[in-house]
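A quick write-up on the structure given underneath.
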Amino acid sequence: MPPGTRHIFTQQPELPPSVLKFIVRRLILLVPILFGLSLFMVVFLHLLPGDPCGAILGEHSTAENLARCQHGLGLDKPLYQQYFEYMSGVFHGDFGVSATNKVSVATSFLTRFPATIELAVSAMIIAIGVGIPLGVAAAKRQYSLFDNFATVASLIGISIPIFFLGLLLQYVFGVWLHWLPTAGRYDLGAYSYDGAGTNFLLWESLVIDHDPAKFADVVRHLILPALALGTIPLAVVARITRSAVIEVLSEDYVRTARAKGLTSRRVDSRHVLRNAMLPIVTVIGLQTGLLLGGAVLTEQIFSWGGVGNWLFQAAVDKDFVVIQSGALILATIFVVVNLLVDISYAYLNPRIRYS
Amino acid sequence: MTTIVDLDGVSPVAEGRVVGPPPPADVLLDVRGLKTHFHVMDGTVAAVDGVDFQLRRGETLGLVGESGCGKSVTSLTIMRLIDIPPGEIVAGEIWFDGREILSLPMSDMRQIRGADMSMIFQEPMTSLNPVFTVGNQIAEAVKAHRQVSNKEAWNRAVEMLEAVGIPSPERRVKQYPHELSGGMRQRVMIAMALSCDPKLIIADEPTTALDVTIQAQILELIKSMQERTGAALLLITHDLAVVAETVQRMAVMYAGKIVETGTAEDVLLNPKHPYTQGLITSIPSNVARGQRLNVIRGTVPNPFRMPGGCRFQPRCPMAFEPCRDFDPPLRTTDPGRRAACWLHYPASERPTSRDVATSATPMQTERVAKQ
Ligand SMILES: Nc1ncnc2c1ncn2[C@@H]1O[C@H](COP(=O)(O)OP(=O)(O)OP(=O)(O)O)[C@@H](O)[C@H]1O
Ligand SMILES: [Mg+2]
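Protein chains in written order, with the working numbering: chain A, -16 to 338; chain B, 618 to 988.
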C-alpha cells in the first residue's frame, strides 16, 4: 500500500493491505460494465422510434430539414461509427452536447447533480435517522402493539405511490397549513444565485455566504421533497433493521455480553447494533445509489432542478447523447457508492477478506 | 444509543415475597425449590420444576441429566439470563454469597454477573462476538466491573490469555474469534469468565462442541483454574465420565427436577435412584462386550404433559404403588446423600392410596411429605 492511503484505515490497522488491490480490481470491473451499458444504450435508443430531430423540429419538420438536422447531429452515419465516435469522445472526457439546447452534458450534470445529492442525502438522513431507531424499537418489542403498528406503517410507506405522497405533503404543509414551501430549492423572490458556485445550496448559503436566513430558506425548501423521497428508504431501512436486530438478539454472543454484566444499553449499542449494521449498511448503500440516480417523480412534483428532471426531459426529447452519457455517469456513481458500501462492510465485519 | 426497552428490566419474581432464612456462610450457592417455566404458543413448558441443591465455597458440583431435562435453564436462571417473557420464575429462592438474588434489582444483579459468578457456554464458535477482537471482549468484561484504565484492562486480557495457556498471547489478543480454533475460543471464553476472579464458575457443557482430543485439555484447564482461584464450579454435562474425573459432588436431574445428589464417588458407585442406575449402566464402557447396551426404556416425557406422580415412573423398572400418584420429594438417605424415590422411604412414610382422596395434587403431597 503506498504511503498516504493508510490513514483512511487508522481506526482498524488490522485491515489487510489488499484493500487498495480490492478497490482497483472493482474499478477495473467498471470498464466492461460501462462498455456493455453504453453499447446497450446506443442500440436500444436507436431501435426506438423517433430521434432528437423530431423533438427539436416538432410541427415544423419536413423531410428536408429533418435530414439536415440528422446530418448535423451525425445521426445519418452508420450506428457502429456513431458509437465509435461517441465512445472516443467519452474516453477523452467529452460526454457530448445536448441536441436540444447545445449545452454540454458535463456542464448540465455538474450544475444539476448537487441538487440531487442534497435531496438524496437529506432523504437518506431522514430514512436512517428514523428507520434505524424504529426498527430497533420494533425488534425489541416483537409482536407488541407498537411493532404491529410499525409493520403496517412500513408497508404503507413502501407501497404508497410517491407522486401521491408528494402531492399530499404539498397540500397539507404548503397549501393548507402554509408551513413549508412546495417548489424549488430556494425563495426566488428573496434570493438569487448566480450559479457560479458549487450549487450545493446548503453549503453555499451557510459557509460561503454566511447567511443563516438563506440557509434556513434552503432547508425549508428541502424538507417536503426529502420527506417524500425518504419515505420508501425509511420503510425499507426500518424493516431490515427490525429483522436484523431480531436475528442478532438471539445470537449466543449477545447472551455472553449480558453474562459479562454489561448494561442493556451497552449490549444493544455495541454488540447488537454493530452486528445488525451489516445488512443495514448494504441496504442503505443500495438505496443511496438509487436516489443519487435522480428521483424523477419527486423532482417533477417539487420542481427540483436535479438530474432526475433533466434526464426525464432528455428522454421526452429523445436527446440521445444526454441519455447515454447521463446513464454512464450515474452507473459509475452507483458502482462507486456500492464499492464504498463494500469497503465499509468489510470494515464492520472482520470476517470479510478482500478477494 | 437506541435502547428503547430494557430487556433485563423485568423483575423475575413477585414483589414483597417472603424468603426463607439465609444458608450457612460456607454455602456459596443455595438453590431452593426453583421453578422456571416458559409460556410458549403451545402451552407452558415446566423446564425447571423444583430444583434444590447447594454448592459450598470452592466446591465442585456436577449437574448431569439427559438432553432437555433443564440443566441449561437452571444455570441461566441462576445467572438471571432467562428472558421474561416467555420465561417465568414461578417459585423458588436462589441464595448466592449471602443474598437472595432473585429479588435483587437488575442493576445489582449486573454487578454480580461476570464478576462474582460467571458462565462458560457450550458453543465457543458462536459465543464470542465476531466483530470484536478477543482482547477487546475480555477487556470489556474487566472494565464492566473494575475501575481500571483501558490499558490496564487490556493488560489483564493478555494476562488471562496467558493463564489459560494460549501461546503468544500478545498476538492472539488482537485477533478476531474467526482466526481461532474452537478449542482456542473456549480458552478465550474461560479467560473471559475468570477475568474478574469469580466466586462461582458455571460451565454449561463446556466441551460438548469440541473435538474429542481437545475436550480433555479444556476440562483439565477448567479444573486447574478452579483449583488455582479457589472458585466454586458448577459443571453441567451429560457425560458421567467427565463427572467422575472432575467434580467432588454431583446432582442428577430428570425432567426438571433433581432426583439424586451426593459425592460423585457415592452416586456413581452406589446409585440410589433408578434413573441414575439406568444412566450408569448405559455407559458403553460399563457394558461387557457383546452385551446389549442398557438404554433406559421409554422416552423423556413431553415437557407439556409431565406424567403425574413420579416423573420417572413410566420408564422406571422398579415402579410400585405410590409412584403413580405421588411425586417423591428429595430425602436424605445417608449423610450427604439425597434421593427422590419412594424406594428410599420407610414404608411408614410412603403415601398410600388413601392419601389420594385427601390430597389430590402432587404439590400438596410434597408439602405433606416434608412435614
Ligand atoms: N426460551 C425457551 N422457550 C421455551 N422453551 C425453552 C426455552 N429454553 C428452554 N426451553 C425448554 O426447556 C427444556 C429444558 O431445556 P434445557 O436447555 O435446560 O435442557 P438441557 O438439560 O440443557 O439440555 P441439553 O443437554 O440438550 O443442553 C427443554 O424442553 C427446552 O425446550
Ligand atoms: Mg443445555
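Built from N, CA and C at the ideal position, the CB exists for glycine as well.
Any chain A beta carbon closer than 8 Å to residue i
| i | result |
| --- | --- |
| residue 654 of chain B | no |
| residue 673 of chain B | no |
| residue 962 of chain B | no |
| residue 705 of chain B | no |
| residue 727 of chain B | yes |
| residue 731 of chain B | yes |
| residue 566 of chain B | Residue 566 of chain B falls outside the range modelled here, since chain B spans only 618 to 988, and no answer is possible. |
| residue 910 of chain B | Residue placement at residue 910 of chain B is poorly supported in this model, since its pLDDT is 49, which falls under 50; the coordinates still yield a value, given next. Chain A, which has no Cβ nearer than 8 Å to the Cβ of residue 910 of chain B, makes this no. |
| residue 702 of chain B | no |
| residue 829 of chain B | no |
| residue 761 of chain B | yes |
| residue 721 of chain B | no |
Beta-bridge pairing of residue i - partner residues as DSSP gives them
| i | result |
| --- | --- |
| residue 652 of chain B | B:666, B:708 |
| residue 879 of chain B | B:867 |
| residue 679 of chain B | B:852, B:867 |
| residue 673 of chain B | B:644 |
| residue 820 of chain B | B:737, B:852 |
| residue 955 of chain B | B:878, B:949 |
| residue 660 of chain B | B:657 |
Simplified DSSP state of residue i, which is helix, strand or coil
| i | result |
| --- | --- |
| residue 923 of chain B | coil |
| residue 717 of chain B | strand |
| residue 645 of chain B | strand |
| residue 950 of chain B | strand |
| residue -10 of chain A | In this prediction, residue -10 of chain A has a pLDDT of 36, which is less than 50 and means its spatial position is unreliable; what the coordinates show is noted afterwards. If DSSP states are grouped into helix, strand and coil, residue -10 of chain A belongs with the helices. |
| residue 790 of chain B | coil |
| residue 825 of chain B | coil |
| residue 140 of chain A | helix |
| residue 930 of chain B | helix |
| residue 165 of chain A | coil |
| residue 635 of chain B | coil |
| residue 916 of chain B | coil |
| residue 289 of chain A | coil |
| residue 835 of chain B | helix |
| residue 910 of chain B | Confidence is the limiting factor: at residue 910 of chain B the pLDDT is only 49, short of 50, which leaves the residue's position unreliable and the question unanswerable from this model. |
| residue 157 of chain A | helix |
| residue 183 of chain A | coil |
| residue 174 of chain A | coil |
| residue 330 of chain A | helix |
| residue 873 of chain B | coil |
Below-8 Å beta-carbon distance, residue i vs any chain B residue
| i | result |
| --- | --- |
| residue 244 of chain A | yes |
| residue 69 of chain A | no |
| residue 230 of chain A | no |
| residue 235 of chain A | yes |
| residue 334 of chain A | yes |
| residue 94 of chain A | no |
| residue 258 of chain A | yes |
| residue 331 of chain A | yes |
| residue 239 of chain A | yes |
Proximal residues of chain B, C-beta to C-beta of residue i below 8 Å
| i | result |
| --- | --- |
| residue 265 of chain A | Chain B residues near residue 265 of chain A: none, gap ~15 Å exceeds 8 Å. |
Contact list for residue i against chain B, beta-carbon separation under 9 Å
| i | result |
| --- | --- |
| residue 193 of chain A | Under the 9 Å cutoff, chain B gives no residues; its nearest Cβ is about 34 Å from residue 193 of chain A. |
Chain A contact residues for residue i, given Cβ-Cβ distances below 7 Å
| i | result |
| --- | --- |
| residue 640 of chain B | Those within 7 Å of residue 640 of chain B in chain A number zero; the least Cβ separation is about 24 Å. |
Neighbour list for residue i in chain A, Cβ cutoff strictly below 8 Å
| i | result |
| --- | --- |
| residue 735 of chain B | 242, 243 |
| residue 747 of chain B | 236, 258, 332, 333, 334 |
| residue 871 of chain B | Here the premise fails: no neighbours, minimum Cβ distance about 25 Å. |
| residue 740 of chain B | 235 |
| residue 795 of chain B | 333, 334 |
| residue 696 of chain B | 242 |
Below-8 Å beta-carbon distance, residue i vs any chain C residue
| i | result |
| --- | --- |
| residue 743 of chain B | Absent from the structure is chain C; the protein chains it does hold are A and B. |
Chain-ordered chain B contacts of residue i [CB-CB under 7 Å]
| i | result |
| --- | --- |
| residue 254 of chain A | 746 |
What are the uninterrupted segments assigned as alpha helix (DSSP H) that are 4 or more residues long and contained completely in the stretch 75 to 131 of chain A, given in chain order? Positions of the alpha helix (DSSP H) runs, each at least 4 residues long and wholly inside the stretch 75 to 131 of chain A, are given as 88 to 123 in order along the chain.
Entirely within the stretch 727 to 783 of chain B and at least 3 residues each: give me those beta strand (DSSP E) ranges in chain order. Uninterrupted beta strand (DSSP E) stretches at least 3 residues long and entirely within the stretch 727 to 783 of chain B occur at 734 to 737, given in chain order.
Enumerated in chain order, which unbroken segments of the alpha helix (DSSP H) with a length of 4 residues or greater are wholly contained in the stretch 14 to 80 of chain A? Within the stretch 14 to 80 of chain A, complete alpha helix (DSSP H) segments of at least 4 residues are found at 35 to 40, 46 to 56, 62 to 74, given in chain order.
Can you list the alpha helix (DSSP H) stretches of 4 or more residues lying completely in the stretch 218 to 259 of chain A, in chain order? Inside the stretch 218 to 259 of chain A, DSSP marks whole alpha helix (DSSP H) runs of 4 or more residues at positions 235 to 242, from first to last along the chain.
What are the start and end residues of each continuous alpha helix (DSSP H) run of 4 or more residues lying completely inside the stretch 258 to 324 of chain A, in chain order? Runs of the alpha helix (DSSP H) inside the stretch 258 to 324 of chain A: 279 to 284, 290 to 300.
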